[in-house]
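Single-structure report; data block below.
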Amino acid sequence: MATAVDRGNQRVRIFRLAALAMAVASGAAQAGGGPFGIDHTVHYDNSGIWKRSNQNMLFYGTVLTVGGGALWLGDQDKLGDTFWRSADAMVTTAIATQTMKWIFQRERPSQTNDPDKFFQGWGAHSFPSNEVGAITAAVTPFIATYGDEHPSAYLLALLPTYAAVARVKTHGHWQSDVLVGAAIGTGMGLWAMHRESPWTLSLLPNGFQLGYSRHFD
Numbered sequence: 000m001a002t003a004v005d006r007g008n009q010r011v012r013i014f015r016l017a018a019l020a021m022a023v024a025s026g027a028a029q030a031g032g033g034p035f036g037i038d039h040t041v042h043y044d045n046s047g048i049w050k051r052s053n054q055n056m057l058f059y060g061t062v063l064t065v066g067g068g069a070l071w072l073g074d075q076d077k078l079g080d081t082f083w084r085s086a087d088a089m090v091t092t093a094i095a096t097q098t099m100k101w102i103f104q105r106e107r108p109s110q111t112n113d114p115d116k117f118f119q120g121w122g123a124h125s126f127p128s129n130e131v132g133a134i135t136a137a138v139t140p141f142i143a144t145y146g147d148e149h150p151s152a153y154l155l156a157l158l159p160t161y162a163a164v165a166r167v168k169t170h171g172h173w174q175s176d177v178l179v180g181a182a183i184g185t186g187m188g189l190w191a192m193h194r195e196s197p198w199t200l201s202l203l204p205n206g207f208q209l210g211y212s213r214h215f216d
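First residue of the sequence shown: 0, per numbering that gives the first Met the number 0; consecutive thereafter.
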């Protein structure tokens, strides 16, 4: 069982990864606008690996993998429990980011060249990035659970990093949108890991705790 020191070290490592991902997403240091003074438009690129279709594939693939893994495995072992905590983090991140979109009503780079256009009405949903938040939330529990035992788990941080860069390149989000999205996802992932049991599982009938795979044992 992980000690308090181990959990503290995990949090430090995850926050360092999140900081690295956010630095990569924000690109080279450049004066700009927005809440952190870093927001600026970049050259539009919707080709190759940055294509919007590839971004959608990653996002929906993440949702299906986490949801499918949780339902299939249940909460009877370490991996299944991690899937459910990942689901917790994704759900709570989605709630938080969508609520903030409704509040801040920021225009996307595809709508304006001015990164300070907040409170522009219901058609403005740039801040923060729910996709980057959701993917970060999905991988954080796996990194926290398996990172010390299997260092390759830290490579999962490349997924939200890619999503962040891609959303900026295709003018879906400003740099601060993806940074805040990643921060929310990381925070919710760590919150999910420190609950006694998965929150989403407690809302479902007891049968989901066993997982569909048990029906084939």
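Here a beta-carbon is modelled for each residue, glycine too, at the ideal position from N, C-alpha and C.
Return the Cβ separation of residue i and residue j in integer angstroms, given the expectation that the two are a contact with Cβ distance under 8 Å.
{"i": "residue 89", "j": "residue 133", "result": "5 Å"}
Within a Cβ cutoff of 6 Å, which residues of the same chain sit near residue i, ignoring the five residues on either side of it in sequence?
{"i": "residue 85", "result": "65, 137 and 140"}
{"i": "residue 109", "result": "170"}
{"i": "residue 35", "result": "175"}
{"i": "residue 91", "result": "187"}
{"i": "residue 117", "result": "103 and 105"}
{"i": "residue 130", "result": "58 and 162"}
{"i": "residue 135", "result": "159, 181, 184 and 185"}
{"i": "residue 115", "result": "32"}
Please name the residue in the options whose C-alpha comes closest to that of residue i.
{"i": "residue 119", "options": "149, 172 and 104", "result": "104"}
{"i": "residue 113", "options": "150, 200 and 32", "result": "32"}
{"i": "residue 168", "options": "34, 35 and 45", "result": "45"}
{"i": "residue 96", "options": "116, 127 and 115", "result": "127"}
{"i": "residue 158", "options": "94, 55, 37 and 39", "result": "55"}
{"i": "residue 195", "options": "48, 39 and 87", "result": "87"}
Can you grab the Cα-Cα spacing for the pair residue i / residue j, in whole Å?
{"i": "residue 218", "j": "residue 184", "result": "The chain is shown only over 0 to 216; residue 218 falls outside these bounds and no answer can be derived."}
{"i": "residue 27", "j": "residue 107", "result": "Residue confidence is low: residue 27 scores 42 on pLDDT, short of 50, so the model does not pin down where it sits. No coordinate-derived value is stated."}
{"i": "residue 43", "j": "residue 53", "result": "16 Å"}
{"i": "residue 182", "j": "residue 151", "result": "22 Å"}
{"i": "residue 83", "j": "residue 69", "result": "5 Å"}
{"i": "residue 199", "j": "residue 124", "result": "26 Å"}
{"i": "residue 3", "j": "residue 149", "result": "With a pLDDT of only 49 at residue 3, under the threshold of 50, the placement of this residue in the model should not be trusted; the figure read from the coordinates follows. Spanning the two alpha carbons is a distance of roughly 19 Å."}
{"i": "residue 50", "j": "residue 193", "result": "36 Å"}
{"i": "residue 201", "j": "residue 162", "result": "30 Å"}
{"i": "residue 67", "j": "residue 111", "result": "38 Å"}
{"i": "residue 197", "j": "residue 74", "result": "9 Å"}
{"i": "residue 93", "j": "residue 61", "result": "13 Å"}
{"i": "residue 121", "j": "residue 101", "result": "7 Å"}
{"i": "residue 47", "j": "residue 191", "result": "35 Å"}
{"i": "residue 39", "j": "residue 172", "result": "10 Å"}
Does residue i come within less than 8 Å of chain E when only Cβ atoms are used?
{"i": "residue 143", "result": "Absent from the structure: chain E. Only one protein chain is present."}
Which residues mark the beginning and the end of the alpha helix (DSSP H) in which residue i is found?
{"i": "residue 151", "result": "Premise fails: residue 151 is in no alpha helix (DSSP H) and is neither H nor E."}
{"i": "residue 144", "result": "129-145"}
{"i": "residue 161", "result": "157-168"}
{"i": "residue 175", "result": "174-192"}
{"i": "residue 86", "result": "77-103"}
{"i": "residue 51", "result": "51-72"}
{"i": "residue 40", "result": "Careful: residue 40 lies outside any alpha helix (DSSP H) and carries neither H nor E."}
{"i": "residue 200", "result": "198-201"}
Quick one: what's got a C-beta closer than 8 Å to residue i's C-beta in the same chain, skipping five residues either side?
{"i": "residue 77", "result": "144"}
{"i": "residue 63", "result": "none"}
Once you ignore the five residues that flank residue i on each side, which residues in its own chain have a CB closer than 7 Å to its CB?
{"i": "residue 155", "result": "138, 141 and 142"}
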